[in-house]
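Some notes on the structure that comes next.
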Amino acid sequence: MRLHVALDLPYPADIPSLCERIQHDVAERVAQLTGLHVGEVTLTVRRLVTASGHGRVQ
Numbered sequence: 900m901r902l903h904v905a906l907d908l909p910y911p912a913d914i915p916s917l918c919e920r921i922q923h924d925v926a927e928r929v930a931q932l933t934g935l936h937v938g939e940v941t942l943t944v945r946r947l948v949t950a951s952g953h954g955r956v957q
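Encoded structure:
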């Protein structure tokens with residue numbers, strides 16, 4: 900099974916590490932809930948959001 904997730908991420912952050920952790924956590928949780936093996940989780944980062952949550956980084 901392949902999943903695609905689109906999300907906003909905080910900025911500043913270690914984007915590669917954060918994405919890797921999200922991919923792992925999503926795959927693990929879906930497997931726990933459904934019993935299905937998730938072979939791939941692709942992420943689309945729609946935007947980076949500043950820590951205050953009021954602004955976007957472009």
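Under my numbering, the first residue of the sequence shown carries the number 900, and numbering increases by one thereafter.
Here a beta-carbon is modelled for each residue, glycine too, at the ideal position from N, C-alpha and C.
Predicted model, so just to flag it, every value in this text is computed and none were measured.
Shown here, ALA905 sits in a strand according to DSSP, grouped into three states. When secondary structure is reduced to three states using DSSP, VAL925 falls in the helix class. Counting only residues of its own chain and dropping the five nearest sequence neighbours on each side, GLN922 has a CB closer than 7 Å to the CB of VAL940 and LEU942. LEU908 and PRO915 have their C-alpha atoms spaced approximately 11 Å apart. Per DSSP, reduced to three states, the secondary structure at LEU932 is helical.
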